[in-house]
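Student: Numbering (the numbering used here), first residue to last: 17 to 403.
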Ligand code: AMP
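Structure, rendered in structure tokens:
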């Protein structure tokens with residue numbers, strides 16, 4: 017049996033964003049202390065941490081000092097350099113293990129792993145040099161999407177290729193890339209799965225994800241899919257977590273096709289934006305689940321208490337001034353979460369709303385109405401569900 021860390025222990029967290037902030041809220045409510053390592057100062061997570069060490073991830077002495085001061089270490093962000101994790105692992109337990117970060121940091125490694133474990137994927141090919149592109153296109157065809165293998169998220173580092181015209185003047189200097197067939201999905205879904213140090217897994221209900229400009233806009237839970245789709249999606253997520261020997265929380269993003277088949281898009285070996293609903297709507301949130309897994313405690317029940325929907329609040333909402341918080345708060349079925357970010361830049365995730373309903377449709381309508389109510393005088397973005 018692997019080591020367990022009781023309340024009162026010090027947890028090290030690499031990364032200082034909102035996922036870390038929500039993890040700290042869960043950790044603090046169970047009596048843990050959290051130290052954050054992040055290059056910036058006064059990060060969303062650092063604001064709530066017992067200690068924020070603002071140093072570069074490649075500052076070896078700082079990483080060692082940090083890891084020496086905690087009992088167990090985890091992440092809220094997967095793009096931590098490999099060396100950083102290795103240095104830390106010399107001084108404390110690291111969960112999930114560094115190899116999982118290494119695999120999921122790079123789309124080529126991730127797809128090779130998924131393919132080897134029999135996971136259905138969109139057709140893909142790696143593109144490491146300019147000569148690889150025509151070979152890959154001959155196999156994958158159009159329409160397709162060229163994605164940078166590393167450091168891509170929310171559609172960043174992606175280029176849609178509709179015809180040979182789009183391949184002219186491509187800058188392949190930022191590679192390597194993967195070329196992926198553009199999938200005609202009917203819905204994007206995700207499953208958040210937790211796996212404890214004892215090997216037991218717990219899956220949250222399937223999330224239905226609505227994107228806008230490649231950024232998650234809203235999540236509806238449970239997803240409006242047939243029971244057999246939910247069962248297969250959950251089975252896929254559970255199997256991937258087991259194959260990875262994950263100890264922690266992971267989101268598996270998937271595409272649902274018209275014939276009911278499911279293809280896996282990508283993995284995130286940490287709590288995920290689509291799982292934020294679990295804070296208000298589940299017996300155990302994804303962040304408490306991460307805490308339990310990382311600390312070697314048994315997982316909590318992931319059960320959904322009520323149908324719900326989550327809507328992201330992007331910086332665009334501030335375009336016309338401070339949002340009308342009282343208008344959203346006036347709906348008693350809506351919960352407001354803000355991440356402590358001072359600067360509301362367009363596209364920046366500033367917070368989210370979660371709403372409940374008797375049905376998923378009612379919850380979605382309610383959360384969209386609440387978000388619309390935030391926009392004074394019709395300023396800012398319109399809700400995706402109404403587009
Ligand atoms: P990603 O960063 O890979 O999760 O991509 C961001 C978003 O782009 C996804 O949520 C989809 O909406 C879209 N997308 C990515 N890959 C594909 C694909 N192969 N086919 C169709 N849409 C895609």
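Virtual Cβ for every residue (Gly too), placed ideally from N, Cα, C.
1) Specify, as a first and last residue, the run of the beta strand (DSSP E) that residue 227 falls within.
2) Please report how far the alpha carbon of residue 294 lies from the alpha carbon of residue 371, in whole angstroms.
3) Distance check for residue 145 and residue 189, CA to CA, integer angstroms please.
4) In terms of residue numbering, what span does the beta strand (DSSP E) encompassing residue 299 cover?
5) Along the chain, where does the alpha helix (DSSP H) containing residue 151 start, and where does it finish?
6) Measuring only from the beta carbon, is residue 201 closer than 7 Å to any heavy atom that is part of ligand 1?
7) Helix, strand or coil for residue 94? Go by DSSP, reduced to three states.
8) If you reduce the DSSP assignment to three classes, tell me which class residue 471 lands in.
9) Using DSSP's beta-bridge definition, name the partner residues of residue 26.
10) Are there any heavy atoms of ligand 1 lying less than 7 Å away from the beta-carbon of residue 196, as far as the coordinates show?
11) Output the distance between the C-alpha atoms of residue 398 and residue 384, rounded to the nearest integer angstrom.
12) Below 7 Å CB to CB, which residues in the same chain sit around residue 116 once its five sequence neighbours on both sides are set aside?
13) Are three or more beta carbon pairs between the segment 86-100 and the segment 20-35 nearer than 8 Å?
14) Among the candidates 373, 304, 50 and 280, whose CA atom is the shortest distance from the CA of residue 198?
15) Mapping the DSSP letters down to three states, classify residue 261 as helix, strand or coil.
16) So the candidates are 335, 282, 323 and 331; which of them puts its Cα closest to the Cα of residue 94?
17) Assuming residue 328 and residue 390 are in contact, meaning their beta carbons sit under 8 Å apart, how far apart are those beta carbons, in whole angstroms?
18) What does the alpha-carbon distance come out to for the pair residue 113 and residue 155?
19) Take residue 185 and list the residues in its own chain whose beta-carbon comes closer than 7 Å to its own, dropping the five residues that flank it on each side.
20) Got a sec: does ligand 1 put a non-hydrogen atom nearer than 7 Å to the Cβ of residue 227?
21) So the alpha helix (DSSP H) residue 353 belongs to, where does it begin and stop?
22) When you compare each of 369, 323 and 148 to residue 339 by their alpha carbons, which one comes out closest?
23) Considering only their Cβ atoms, is the gap separating residue 352 from residue 344 smaller than 8 Å?
24) Can you tell me whether residue 372 is helix, strand or coil according to DSSP?
Tutor: Taking the geometry as given:
1) 223-228
2) 11 Å
3) 9 Å
4) No beta strand (DSSP E) contains residue 299, which DSSP labels as neither H nor E.
5) 148-156
6) yes
7) coil
8) Outside the displayed span of the chain (17 to 403) sits residue 471, for which this structure offers no information.
9) 49
10) yes
11) At residue 398, the pLDDT of 43 sits below 50, so the modelled position is not reliable and the matter cannot be decided from this model.
12) 260, 262 and 285
13) yes
14) 280
15) coil
16) 282
17) That pair is no contact at about 12 Å.
18) 35 Å
19) none
20) yes
21) Careful: residue 353 lies outside any alpha helix (DSSP H), inside the beta strand (DSSP E) at 350-354.
22) 369
23) yes
24) strand
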